[in-house]
Amino acid sequence: MREKERMLYACLGDSITSEQVTGIGTMVCRKLGMELLGNFAFGWATGSDWHDGEETLTPCCLEDLPNEFSPKNVLSNQVRRLLKAAEDKGRSPRVIYIAISTNDGARDWREESPVPLEDDTEQVCKKEYGALTRRSLGSALRWAVETLQRGCPGAEIFVASPLQACAPESDQAAVGREALLIKREIIRKISGFCGVNFVDSYYESGFTGEIARDHGHIHPDGEWAERIAEYVAAAIREKMSLSE
Numbered sequence: 019m020r021e022k023e024r025m026l027y028a029c030l031g032d033s034i035t036s037e038q039v040t041g042i043g044t045m046v047c048r049k050l051g052m053e054l055l056g057n058f059a060f061g062w063a064t065g066s067d068w069h070d071g072e073e074t075l076t077p078c079c080l081e082d083l084p085n086e087f088s089p090k091n092v093l094s095n096q097v098r099r100l101l102k103a104a105e106d107k108g109r110s111p112r113v114i115y116i117a118i119s120t121n122d123g124a125r126d127w128r129e130e131s132p133v134p135l136e137d138d139t140e141q142v143c144k145k146e147y148g149a150l151t152r153r154s155l156g157s158a159l160r161w162a163v164e165t166l167q168r169g170c171p172g173a174e175i176f177v178a179s180p181l182q183a184c185a186p187e188s189d190q191a192a193v194g195r196e197a198l199l200i201k202r203e204i205i206r207k208i209s210g211f212c213g214v215n216f217v218d219s220y221y222e223s224g225f226t227g228e229i230a231r232d233h234g235h236i237h238p239d240g241e242w243a244e245r246i247a248e249y250v251a252a253a254i255r256e257k258m259s260l261s262e
């Protein structure tokens, strides 16, 4: 008798999700007992495409990337890599987990941020799909979710808010409490608009700022990576059971 195919899983994100650093995205797959199509996350990835005014600085890129803060290392390119992997395999993922935004608001060598942080979801949700610029987290996330819905119509999509962190003063624009709460709200609203599952890792994972101080600061240590992966897997199982 032919063995039943396991459901496919894919994840997108930054260093907290990636194999390069913390690996939580792949741990979630293992805990769900699914087959990994790919962990497409990279360290230092941003949700929004890089831009300078109206000029987009992010090129399309399907290749693996180093762990670096660069215009190529963005969510839109992870979406493209996922869709290419699904096409090559001839199967689409049943579960797609997206956990990205930690680096939005981070600053590079310029005075201004290439990935500014602003809650423009009201304007973003009024646009047609083809008019989405991906120049803000809200626009980039909506584009990613709707592109995946079109390319993988059978997938259940789960989008997570960022974890709490214990960060130095220089990183407050990206991972300070105020910045993380802005991101959480953007992700919550875009998830609701797109009709996908919102996973509230900020408040519900157990990884508080106080715990982060002793367990990895921004990147959870091994103990807490496992705990967070179990929380995410449980949230996915619960929400899938309600929809099936």
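With the numbering used here applied, the sequence shown covers 19 to 262. Quick reminder that beta carbons are idealized off the backbone N, C-alpha and C, glycines included. For clarity, every value in this text was computed on a predicted model and none was experimentally measured.
Simplified DSSP assignment, three categories, for residue i
| i | result |
| --- | --- |
| E53 | strand |
| T64 | strand |
| T74 | strand |
| M19 | In this prediction, M19 scores a pLDDT of 34, lower than 50, which makes its location untrustworthy; the coordinate-derived value is nonetheless stated afterwards. Three-state result, M19: coil. |
| A253 | helix |
| V273 | With the chain covering only 19 through 262, there is no way to say anything about residue 273. |
| L26 | strand |
| V92 | strand |
| R202 | helix |
| R168 | helix |
CA nearest to the CA of residue i, picked from the options
| i | options | result |
| --- | --- | --- |
| I156 | I205, G41, A253 and L30 | Residue identity check: residue 156 is Gly in the sequence provided, not Ile. Answer by Cα proximity: I205. |
| L83 | H69, A197, G65 and G61 | G61 |
| Q182 | L166, D232, E140 and G213 | D232 |
| F216 | A162, F176 and T76 | F176 |
| L55 | R112, S94 and V39 | R112 |
| F263 | Y115, E222, S223 and T64 | Summary: the structure shown does not reach residue 263, with the chain confined to residues 19 through 262, and so no result is reported for it. |
| A158 | M25, L30, L26 and K49 | L30 |
| S94 | A251, E228 and D32 | D32 |
| A252 | V97, E53, K144 and R48 | R48 |
| T120 | R99, A59 and Q167 | A59 |
| N91 | I118, E244 and D70 | I118 |
| E244 | V39, E23, V46 and A28 | V46 |
| E268 | V133, G224, Y220 and R195 | Only positions 19 to 262 of the chain appear in this structure, which leaves residue 268 out of reach. |
| A189 | H235, T165 and K207 | First, the residue type needs correcting, since residue 189 is Asp and not Ala in the sequence shown. For the residues H235, T165 and K207, the minimum Cα distance to D189 belongs to H235. |
| E37 | N57, K145, E222 and Q96 | N57 |
| V163 | I114, P180, G123 and M52 | I114 |
| K145 | G224, R24 and C212 | C212 |
| G15 | C78, D70, G194 and A28 | Nothing in the structure corresponds to residue 15, since the chain is present only between 19 and 262. |
| A191 | A28, G51 and E136 | E136 |
Alpha carbon of residue i to alpha carbon of residue j, nearest angstrom
| i | j | result |
| --- | --- | --- |
| T44 | T35 | 8 Å |
| G108 | Q141 | 36 Å |
| A173 | D218 | 20 Å |
| A185 | A230 | 9 Å |
| T74 | E130 | 15 Å |
| D138 | G210 | 15 Å |
| A178 | E256 | 15 Å |
| W68 | G169 | 24 Å |
| E248 | T76 | 34 Å |
| L26 | S110 | 7 Å |
| I254 | R99 | 23 Å |
| R20 | E53 | With a pLDDT of only 42 at R20, under 50, the local geometry of the prediction cannot be trusted, and the value read off the model is given with reservation. Computed Cα separation, rounded: 16 Å. |
| G224 | I246 | 8 Å |
Beta-ladder partner(s) of residue i, from DSSP
| i | result |
| --- | --- |
| N215 | F176 |
| H233 | Paired residue(s): none; H233 is not in a bridge. |
| A117 | G31 |
Interface flag, residue i vs chain D, CB-CB below 8 Å
| i | result |
| --- | --- |
| Q167 | Of the protein chains in the structure, only one exists, and it is not chain D. |
Checklist entry - Are at least three pairs of beta-carbons, each pair with one atom in the stretch 200 to 214 and one in the stretch 235 to 245, less than 8 Å apart? => result no
Checklist entry - So, do the stretch 99 to 106 and the stretch 145 to 161 have three or more beta carbon pairs nearer to each other than 8 Å? => result no
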